[in-house]
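Chains as they are written, first to last, in the UniProt record's numbering: chain A, 1 to 197; chain B, 1 to 197; chain C, 1 to 197; chain D, 1 to 197.
C-beta: ideal position from N, C-alpha, C; glycine also.
What you are looking at is a predicted structure, and each value in this text was computed from that prediction instead of being measured.
Protein chains: 4
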Amino acid sequence: MSKAEKTRQFIIEQTAELFNKKGYAGTSLSDITSATGLTKGSIYGNFENKDEVAKEVFLYNSKRLQQSVADKLNREMTCREKLFSIVDFYRTSWESNFLRGGCPLLNTAIEADDTMPFLKKEVAKSFENWAQKTINILENGKSQNEIVESIDSQKYAYQFIVLIEGGILLSKTMNNKAHLFNALERIEKIIDNELIK
Amino acid sequence: MSKAEKTRQFIIEQTAELFNKKGYAGTSLSDITSATGLTKGSIYGNFENKDEVAKEVFLYNSKRLQQSVADKLNREMTCREKLFSIVDFYRTSWESNFLRGGCPLLNTAIEADDTMPFLKKEVAKSFENWAQKTINILENGKSQNEIVESIDSQKYAYQFIVLIEGGILLSKTMNNKAHLFNALERIEKIIDNELIK
Amino acid sequence: MSKAEKTRQFIIEQTAELFNKKGYAGTSLSDITSATGLTKGSIYGNFENKDEVAKEVFLYNSKRLQQSVADKLNREMTCREKLFSIVDFYRTSWESNFLRGGCPLLNTAIEADDTMPFLKKEVAKSFENWAQKTINILENGKSQNEIVESIDSQKYAYQFIVLIEGGILLSKTMNNKAHLFNALERIEKIIDNELIK
Amino acid sequence: MSKAEKTRQFIIEQTAELFNKKGYAGTSLSDITSATGLTKGSIYGNFENKDEVAKEVFLYNSKRLQQSVADKLNREMTCREKLFSIVDFYRTSWESNFLRGGCPLLNTAIEADDTMPFLKKEVAKSFENWAQKTINILENGKSQNEIVESIDSQKYAYQFIVLIEGGILLSKTMNNKAHLFNALERIEKIIDNELIK
DNA sequence: CATGAATGAGTTTTCATTCAT
DNA sequence: TATGAATGAAAACTCATTCAT
């Protein structure tokens, strides 16, 4: 890892929470220099412009999340165990998630929607990726005879995202974890009632 | 209605979509003067500051939405008809909702969360209001012997919001109405399977 | 007194202290409307512009002061009694003078000096007027054989102003009435040692 | 001296006369950029805000004055020579003082009095400093057996300031140096009649 | 590579003033 | 006369970005 790459990574990590809390428009270059202790010239030496920082921070935040989920899974688990593990991740990580400003996919999706097309594209990719992970588990489950063959994996994968993101939104806004937890229970119910053979 | 009140209302209406699309921080006073044809002095003659415009625009957008839903309902409907009517509203209004920048509650909730406490409070109130409307329908349904008595109205009311907002989020981001429509179907399923006697 | 004249007077009186404290540049038309309860249109209906208000307020403040001094004097007094009466006025009025923002001549002289020629002229006239009053007393004293004939009345009259204004300046700035009181004692000493036969 | 410090100093020097003439409220950032040839961004890069510029300019003006007086004095002088030297400074510098907008202590004291507490504090300090210098000379004179032991040094020190500032005020306002010169003569008379043994 | 110092266009807000009603 | 509602210019300040060193 070159020095340049280290500095880039340092900037990204130091500002990840900032961007997630204040948004991309709301985070100024002065905020970035304050958070990193570096100068503006240095930021521009390592990134083309603020948009590039924003994009890399989003990718970092998104990957971090994805990795945390992946860390809970392993080869030996049944399909059901994997799905429940994912659901449980959102339950146990709620507190820290909350403190770091909520889900970066949700936050970025909303802010980027009508104003930052380059970011919106990345968010869409992240959601697709997330959905694909769930789809893979389900399809694997089908071939392992654990999941009902006839179900539309993609439909369920996205429905789980809907419930999780909607739950985070409401819990964050109302300052009440019950809404997210209810949504997670709903997902578990769906898994057991509609997916598991 | 005094001229001042008319101008206030004019400013609010002319900038409602703007704020919903570009966000509160992202909408500048110059944007507001462009959209209204008025001068900065005139904006400040009618509002204390930009925050007040933001707040009033949110309240306007929120009430507009609420009214549109309410317009679909009437006294003669059964509880089930009312609930399905609400769900259907989000189906039929999807296109226009989409073009106006998505759900103002969702957008404002995310933007205001860590940065604009005065707006966050209003969003929370709006969500509560919305939930209460659904709760009232359900409680009414119980006393009319149409809804299972033992169910927790509040829990279901918020779960519907979770599904609708999560659905809008995903559909808007992925540019694919299927995600919202799936979520709406899920709500209908829940109504018929768990709530209606 | 016509209604117009009454309103003019009302505006002047309500804003006299304001102008003396905040200065002419520092007092905005909004300050004036707040202090009077009138509208901007009404201010402009009664005065040509802010400068005219400023000028009239200065004249009002200046005359008020002059009148207060004059009220302490009467025909029967000796020259010495009159001079000591004037000096004593600044001693006894110190507190209220202080609370109203200090001497309007001093304040206006400084502010108007390099920026508001139309006001500077008025302040100079006021000082001349004040000096002339003292000169008259002294000249009268000469013809009454109470004051040394050879003294330069004008020189002493202005020296008294120097001591009074310098004293007010220092006492106000240091928040310590001793400086003014010392200056007043100096005047008394000069009267008895150099002027009175 | 870093470039930043040089620019700070440059800004202070280029605007010192401006502030003294137009006052702190009356000097706008545009005035500052015009006087320096720099941009607003550059001013804010070197000062926290306009208040900080104002304060530094006052301190500069105040120190400049103090230094000019100090330059006239040296170790070999008797106490009387020193006091007369100070008095004479105000006589010989009258013209340039006048052209630069008058005494910065006087100007700032009046403007800051009811509106800018952070500046008022600095002016008070400057007056104290000035008085202390005179007190030191007098106390030294006492121990050298040149000054009457029983006199209250502080009282006389402040009385000299009263006469000088009152004199400047009147001379500036009436556009007539005689008032200041009279006051200076009065000081000299006091020195010889009441202080010198 | 990073820094320090600058830029110019932008921000929100306030100003004195006007004028139809 | 007084009001309510506007205007346009100017205020203080911040922004993302650049570039010589």
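Considering only C-alpha positions, which residue in the set C/I12, C/N193, C/E17 and C/G141 is nearest to C/C103?
Start at 1 with the first residue of the third sequence, and residue 103 of chain C comes out as number 103. Residue C/E17 holds the alpha-carbon nearest to the alpha-carbon of C/C103 among C/I12, C/N193, C/E17 and C/G141.
Starting from the N-terminal side, write out each stretch of the alpha helix (DSSP H) that is 4 residues or longer and does not extend beyond the region 62 to 138 of chain D.
Within the region 62 to 138 of chain D, the complete alpha helix (DSSP H) segments at least 4 residues long are 79 to 92, 94 to 99 and 104 to 112, listed from N- to C-terminus.
Determine the chain C residues that contact D/T173 at a beta-carbon separation under 8 Å, and present them in chain order.
As a working mapping, residue 173 of chain D is identified with position 173 in the fourth sequence. Those within 8 Å of D/T173 in chain C are A109, D113, K120, V123, A124 and F127.
Which residues, in order along the region 144 to 159 of chain D, keep a beta-carbon less than 8 Å from a beta-carbon of chain C?
The residues in question are K155, Y158 and Q159.
Alpha carbon to alpha carbon, how far is residue 221 of chain D from D/F89?
Beyond the ends of chain D as shown, which are 1 and 197, falls residue 221 of chain D; an answer cannot be given.
Does the contact criterion of 3 or more C-beta pairs under 8 Å hold for the region 91 to 110 of chain D versus the region 110 to 128 of chain C?
The way I'd put it, the region 91 to 110 of chain D does touch the region 110 to 128 of chain C; three or more beta-carbon pairs between them come closer than 8 Å.
Cα separation between C/W94 and C/S85?
Looking up residue 94 of chain C in the third sequence gives position 94. Looking up residue 85 of chain C in the third sequence gives position 85. Their backbone Cα atoms lie some 14 Å apart in a straight line.
Closer than 8 Å, Cβ to any Cβ of chain C: which residues of the region 15 to 32 of chain D, in chain order?
Correct list: K21, K22, G23, A25 and G26.
Do A/V123 and B/T115 have their beta-carbon atoms positioned less than 8 Å apart in this structure?
Taking the second sequence and counting its residues from 1, the one referred to as residue 115 of chain B is at position 115. Taking the first sequence and counting its residues from 1, the one referred to as residue 123 of chain A is at position 123. Not closer than 8 Å, so no.
May I ask you to verify whether the region 117 to 137 of chain B touches the region 150 to 159 of chain B, counting CB pairs closer than 8 Å and requiring at least 3?
In this structure the region 117 to 137 of chain B lies against the region 150 to 159 of chain B, because at least three pairs of beta carbons, one per stretch, are closer than 8 Å.
Check whether the Cβ of residue 204 of chain A lies closer than 8 Å to any Cβ atom in chain B.
Residue 204 of chain A lies beyond the range of chain A shown here (1 to 197); nothing can be said about it.
Using 8 Å as the limit for Cβ to Cβ distance, is C/F91 near chain D?
Sequence index remark: in the third sequence, residue 91 of chain C carries index 91 (1-based). It should be noted that the sequence gives Arg, not Phe, for residue 91 of chain C. No, its Cβ sits nowhere closer than 8 Å to a Cβ of chain D.
Quick one: which chain C residues come within Cβ less than 9 Å of D/T102?
The residue given as residue 102 of chain D occupies position 102 in the fourth sequence. The sequence given here places Gly at residue 102 of chain D; Thr does not occur at that position. Under the 9 Å cutoff, chain C gives I110, D113 and D114.
If I measure Cβ to Cβ from C/K55 and keep anything under 8 Å in the same chain, skipping five residues before and after, which residues do I get?
Walking along the third sequence from the start, residue 55 of chain C turns up at place 55. So the qualifying residues of the chain are F118, L119 and E122.
Neighbourhood of A/S171 by C-beta distance below 6 Å, restricted to the same chain and skipping five residues each side:
Along the first sequence, read from residue 1 onward, the residue named residue 171 of chain A stands at position 171. Within the same chain, K177, H179 and L180 come within 6 Å of A/S171 by CB-CB distance, once the 5 residues on both sides are set aside.
What's the call for A/T15, buried or exposed, on a 16-neighbour Cβ count within 10 Å?
Position 15 of the first sequence, counted from the start, is the residue given in the question as residue 15 of chain A. By the Cβ-count criterion, A/T15 is buried, with 16 or more other Cβ atoms from all chains shown falling within 10 Å of its own Cβ.
Please name the residue in B/S96, B/I137 and B/A70 whose C-alpha comes closest to that of B/C79.
Working through the second sequence from its first residue, we reach residue 79 of chain B at position 79. B/I137 is the residue among B/S96, B/I137 and B/A70 whose C-alpha sits nearest the C-alpha of B/C79.
Mind listing the chain B neighbours of A/V57? Cutoff is C-beta to C-beta under 9 Å, in chain order.
Within the first sequence, numbered from 1, the residue matching residue 57 of chain A stands at position 57. In chain order: nothing, as chain B lies at least about 15 Å away.
Who are the near neighbours of residue 198 of chain D in its chain, counting only those whose CB is closer than 7 Å to its CB and skipping five residues on each side?
Past the edges of chain D, shown from 1 to 197, lies residue 198 of chain D, and the structure says nothing about it.
So, are the CB atoms of D/A131 and C/V162 less than 8 Å apart?
In the fourth sequence, residue 131 of chain D corresponds to position 131, counting from 1. In the third sequence, residue 162 of chain C corresponds to position 162, counting from 1. Not closer than 8 Å, so no.
Please work out which residues of its chain come closer than 6 Å, Cβ to Cβ, to C/R8, disregarding the five sequence neighbours upstream and downstream, and give them in chain order.
In the third sequence, counting from the first residue as 1, residue 8 of chain C sits at position 8. The beta carbon of C/R8 sits closer than 6 Å to the beta carbons of N46 from its chain, once the five residues preceding and following it are set aside; these are given in chain order.
Using the beta-carbon of each residue, which ones in chain C are nearer than 8 Å to residue 231 of chain D?
Residue 231 of chain D falls outside the range modelled here, since chain D spans only 1 to 197, and no answer is possible.
Kindly indicate which residue of C/I191, C/G101, C/G23 and C/I196 has the alpha-carbon position closest to the one of C/V53.
Residue mapping note: residue 53 of chain C aligns to position 53 of the third sequence, counting from 1. Of the listed residues, the one whose Cα sits closest to C/V53 is C/G23.
Just to confirm the assignment, what range does the alpha helix (DSSP H) spanning A/E194 have?
Within the first sequence, the letter at position 194 stands for residue 194 of chain A. DSSP places A/E194 outside any alpha helix (DSSP H), giving it a letter other than H or E.
Look at the Cβ atom of B/L29, then the Cβ atom of B/I43, and state whether they are nearer than 8 Å.
For the purposes of this step, residue 29 of chain B is identified with residue 29 of the second sequence, where counting begins at 1. For the purposes of this step, residue 43 of chain B is identified with residue 43 of the second sequence, where counting begins at 1. Against a cut-off of 8 Å, the Cβ pair of B/I43 and B/L29 comes out as a contact.
Quick one: grab the DSSP three-state call for D/I151.
Your numbering for residue 151 of chain D matches position 151 in the fourth sequence. DSSP, reduced to helix, strand and coil, places D/I151 outside both helices and strands of the structure shown, so it counts as coil.
Whose C-beta lies closer than 7 Å to the C-beta of D/V57 among residues of the same chain, with five residues either side of it excluded?
To locate residue 57 of chain D, count along the fourth sequence from 1; it is residue 57. Result list for D/V57: I12, T15, A16 and F19, in chain order.
With a threshold of 16 other CB atoms inside 10 Å of the CB of A/T27, please say whether the residue is buried or exposed.
In the first sequence, the residue the question calls residue 27 of chain A occupies position 27. A/T27 should be labelled buried.
Beta carbon of C/I135 nearer than 8 Å to that of C/S150
Counting from 1 along the third sequence, the entry for residue 135 of chain C is found at position 135. Counting from 1 along the third sequence, the entry for residue 150 of chain C is found at position 150. Cβ distance not < 8 Å, so C/I135 and C/S150 don't count as in contact.
Tell me which residue opens and which closes the alpha helix (DSSP H) that B/E13 is part of.
Here residue 13 of chain B refers to the residue found at position 13 of the second sequence. It spans K3 to K22 - the alpha helix (DSSP H) in which B/E13 sits, taken as one unbroken run.
If the criterion is Cβ atoms closer than 8 Å, does the pair A/G166 and B/G101 meet it?
On the first sequence, position 166 is the one that residue 166 of chain A refers to. On the second sequence, position 101 is the one that residue 101 of chain B refers to. No; because the gap between Cβ atoms is not below 8 Å, this pair is not in contact.
Which same chain residues, not among the five before or five after residue 200 of chain A, have their C-beta less than 8 Å away from its C-beta?
Because chain A spans 1 through 197 in this model, residue 200 of chain A falls outside it and cannot be assessed.
Does D/A70 get closer than 8 Å to chain C when you measure Cβ to Cβ?
In the fourth sequence, the residue the question calls residue 70 of chain D occupies position 70. Answer no: the Cβ-Cβ gap between D/A70 and chain C never drops below 8 Å.
What did DSSP end up calling B/F181 once you bin it into helix, strand or coil?
Taking the second sequence and counting its residues from 1, one reaches residue 181 of chain B at position 181. Reduced to three states, the DSSP call for B/F181 is helix.
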